[in-house]
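Peer 1: Whatever position you read off the sequence shown (first residue = 1), add 83 for my numbering.
Quick reminder that beta carbons are idealized off the backbone N, C-alpha and C, glycines included.
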Amino acid sequence: MIYTVVMVSYNRDTKLKESISNLLTTSFDELVIVDNNSRQETRDILNDMSQKDNRVTIIQLNENKGASHGFYTGLKYVENKYEASVTTFLDDDACFEQDFLDELKKNIALCEQKYAFITPRVINKNGVRLTMNRPMTIIPNTIAKMYRYLMRRRTFGDNNEPVEAASFIGLTILNSTRMNKSELIPVDYFIYYDDLTFSYRLTKYHGGLGFYYDDMVVIHDIEGGTREYDTFRLSYLLSNSIKFSKEVGDTLRIYPLFIHCFHFLKCVKKFNLMVFIKSVLRKR
Numbered sequence: 084m085i086y087t088v089v090m091v092s093y094n095r096d097t098k099l100k101e102s103i104s105n106l107l108t109t110s111f112d113e114l115v116i117v118d119n120n121s122r123q124e125t126r127d128i129l130n131d132m133s134q135k136d137n138r139v140t141i142i143q144l145n146e147n148k149g150a151s152h153g154f155y156t157g158l159k160y161v162e163n164k165y166e167a168s169v170t171t172f173l174d175d176d177a178c179f180e181q182d183f184l185d186e187l188k189k190n191i192a193l194c195e196q197k198y199a200f201i202t203p204r205v206i207n208k209n210g211v212r213l214t215m216n217r218p219m220t221i222i223p224n225t226i227a228k229m230y231r232y233l234m235r236r237r238t239f240g241d242n243n244e245p246v247e248a249a250s251f252i253g254l255t256i257l258n259s260t261r262m263n264k265s266e267l268i269p270v271d272y273f274i275y276y277d278d279l280t281f282s283y284r285l286t287k288y289h290g291g292l293g294f295y296y297d298d299m300v301v302i303h304d305i306e307g308g309t310r311e312y313d314t315f316r317l318s319y320l321l322s323n324s325i326k327f328s329k330e331v332g333d334t335l336r337i338y339p340l341f342i343h344c345f346h347f348l349k350c351v352k353k354f355n356l357m358v359f360i361k362s363v364l365r366k367r
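Below you can see the structure in the form of structure tokens.
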């Protein structure tokens, strides 16, 4: 079996170099990096890394169409090159060690037989579990599920268990000629909820859930489990939460209402109410 990694990069320097260097110590077969029209410093790092190791393939885009389009482009390349392969998705500040691949090789058959995807435990460099990268054991598309989601969302992925959707960080799928799964990636999302939507679509196509493996670990080099949002990012987060709710059959829009309220209160608390207002009004 061919083991590939698809990474999307954009204007990252030190963390990008560290992530690639760490990955190159493992036994994957090909690392496909899709660069979203980064500045020259980032391009130089990518070119240098590809010259040092022929397992690194760089796809240079002339326009930044977002992470979702980048992952689509990378997976499409893999699908066209290999009849069968395993693909793990990563951001440009994330990596895994050889133990991850060893566990993956032991469990990939289960993915083929029963589950739509595999998702790992995601920690930062200090070993802290990242809430932002926890899988969704429950998709809150009803009032009852919303209640269960709120009660359990910080414990999702504490045990090996089936999940309904997952982050792109470490998300792993099995590719075959039966279907090009790249077509399930929502390229119009740019950022946020593209991963949850893609993984949810995988379960619908496969007819089974994904699976969380606690023994598979990915390191995501950020300080905490949440990010501060500017108007640009928050506008996509809010609007794409509505798209996601439509995707999963949330007819009452319960989940995006929660997301909007959560970030409204967060902005009020930090005296950034104008950020929230501009995000809601921003045209995309």
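Relative to the C-alpha of Y160, which residue among V117, E124, T280, D182 is closest?
Peer 2: The residue given as residue 160 occupies position 77 in the sequence shown. Cα-wise, what sits closest to Y160 is V117.
Peer 1: Alpha carbon to alpha carbon, what distance is there between I103 and D96?
Peer 2: On the sequence shown, position 13 is the one that residue 96 refers to. On the sequence shown, position 20 is the one that residue 103 refers to. Going by the C-alpha atoms only, they are around 11 angstroms apart.
Peer 1: For K135 and H346, what's the separation of their Cα atoms in angstroms?
Peer 2: Residue numbering aside, residue 135 sits at position 52 when the sequence shown is read from its first letter. Residue numbering aside, residue 346 sits at position 263 when the sequence shown is read from its first letter. If I take the Cα positions, the gap works out to 44 angstroms.
Peer 1: Contact check, V91 vs D175 under 8 angstroms by CB: the rounded distance?
Peer 2: Along the sequence shown, read from residue 1 onward, the residue named residue 91 stands at position 8. Along the sequence shown, read from residue 1 onward, the residue named residue 175 stands at position 92. Between D175 and V91 the Cβ distance is about 7 angstroms, and since that is below 8 angstroms, they are a contact.
Peer 1: Should G153 go down as buried or exposed, given a rule of 16 or more other Cβ atoms within 10 Å for buried?
Peer 2: Locating residue 153 in the sequence shown gives position 70, where the first residue counts as 1. With 16 or more Cβ atoms within 10 Å of its Cβ, G153 is classed as buried.
Peer 1: Can you give the beta carbon distance from D333 to N224, rounded, assuming they're within the 8 angstroms contact cut?
Peer 2: For this step, residue 333 is matched to residue 250 along the sequence shown. For this step, residue 224 is matched to residue 141 along the sequence shown. With a Cβ gap of about 4 angstroms, D333 and N224 count as contacting.
Peer 1: Taking three-plus beta-carbon pairs below 8 angstroms as touching, is the stretch 244-260 in contact with the stretch 195-207?
Peer 2: yes
Peer 1: Among the candidates T140, Y276, L321, whose CA atom is the shortest distance from the CA of L364?
Peer 2: By 1-based counting over the sequence shown, the position of residue 364 is 281. Among T140, Y276, L321, the Cα nearest to that of L364 belongs to L321.
Peer 1: Within a Cβ cutoff of 6 angstroms, which residues of the same chain sit near G149, ignoring the five residues on either side of it in sequence?
Peer 2: Within the sequence shown, the letter at position 66 stands for residue 149. Once the five neighbours on either side are set aside, the close Cβ partners of G149 are F273, I274.
Peer 1: Indicate whether the contact test is met: 3 or more Cβ pairs, each with one atom in the stretch 225-237 and one in the stretch 157-173, closer than 8 angstroms.
Peer 2: Too few Cβ pairs lie closer than 8 angstroms, so no.
Peer 1: Is the separation between the beta-carbon of E306 and that of L257 shorter than 8 angstroms?
Peer 2: Working through the sequence shown from its first residue, we reach residue 306 at position 223. Working through the sequence shown from its first residue, we reach residue 257 at position 174. Not in contact: E306 and L257 (Cβ atoms no closer than 8 angstroms).
Peer 1: Quick check: the Cα distance between R316 and I302, rounded to an integer number of angstroms?
Peer 2: As a position in the sequence shown, residue 316 is number 233, starting the count at 1. As a position in the sequence shown, residue 302 is number 219, starting the count at 1. So the alpha carbons of these two residues sit roughly 23 angstroms apart.
Peer 1: Measure the alpha-carbon distance for F341 versus M219 and round it to whole angstroms.
Peer 2: Here the question's residue 341 lines up with position 258 in the sequence shown. Here the question's residue 219 lines up with position 136 in the sequence shown. So the alpha carbons of these two residues sit roughly 15 angstroms apart.
Peer 1: Suppose you measure from the CA of R138 to the CA of K352; what does that come to, to the nearest Å?
Peer 2: Position 55 of the sequence shown holds residue 138. Position 269 of the sequence shown holds residue 352. Their backbone Cα atoms lie some 47 angstroms apart in a straight line.
Peer 1: How far does the beta strand (DSSP E) with Y202 in it extend, from its first residue to its last?
Peer 2: Counting from 1 along the sequence shown, the entry for residue 202 is found at position 119. Per the sequence shown, the amino acid found at residue 202 is Thr instead of Tyr. Run containing T202: 201-206, per the beta strand (DSSP E) assignment.
Peer 1: Which residues in the same chain have their Cβ closer than 6 angstroms to the Cβ of S318, if we skip the five residues on either side of it in sequence?
Peer 2: Stepping through the sequence shown from its first residue, residue 318 is reached at position 235. Excluding sequence neighbours, S318 sits near S362, R365.
Peer 1: Taking the alpha helix (DSSP H) that R151 falls in, what are its first and last residues?
Peer 2: Indexing the sequence shown from 1 puts residue 151 at position 68. It should be pointed out that residue 151 corresponds to Ser in this sequence rather than to Arg. 150-164 is the extent of the alpha helix (DSSP H) around S151.
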